[in-house]
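Below is one structure, written out as structure tokens; comments come after it.
Residue numbers (UniProt numbering): 1 to 90.
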């Protein structure tokens, strides 16, 4: 996740600066600010979806390691097993 923000941080700052400039320009920029907020809303929803998918993967791993620790099982974790487990979960 940190890499994502490092890569996109300059663009994000530019969007914020542009938005603030529009606010300073006044009422005539409301339509553009509205479109900017709709675009930000869409990006945020995509980020939330990505984070939820990452969390599913983490949950599979946490469950696996809890099972290993609690039931004294050997660690048979293989990354391809995560994809298989994710496909089975609702």
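All C-beta atoms, glycine included, are put in the ideal place defined by N, C-alpha and C.
Note that the coordinates shown come from a computational prediction; the quantities given were computed from them, not determined experimentally.
Exercise. Just checking my contact of residue 20 with residue 32 at CB under 8 Å: how many whole Å lie between their CB atoms?
Worked result: On the chain shown, residue 20 is found 20 positions in, with the first residue counted as 1. On the chain shown, residue 32 is found 32 positions in, with the first residue counted as 1. That pair is no contact at about 13 Å.
Exercise. With DSSP run on the structure shown, which of helix, strand or coil describes residue 28?
Worked result: Reading the chain shown from its first residue, position 28 is the one you call residue 28. In the three-state DSSP reduction, residue 28 falls in the helix class (H, G or I).
Problem set entry | Spatial distance of residue 24 from residue 50 (CA atoms) | Numbered from its first residue, the chain shown carries residue 24 at position 24. Numbered from its first residue, the chain shown carries residue 50 at position 50. Taking the straight line from one Cα to the other gives about 34 Å.
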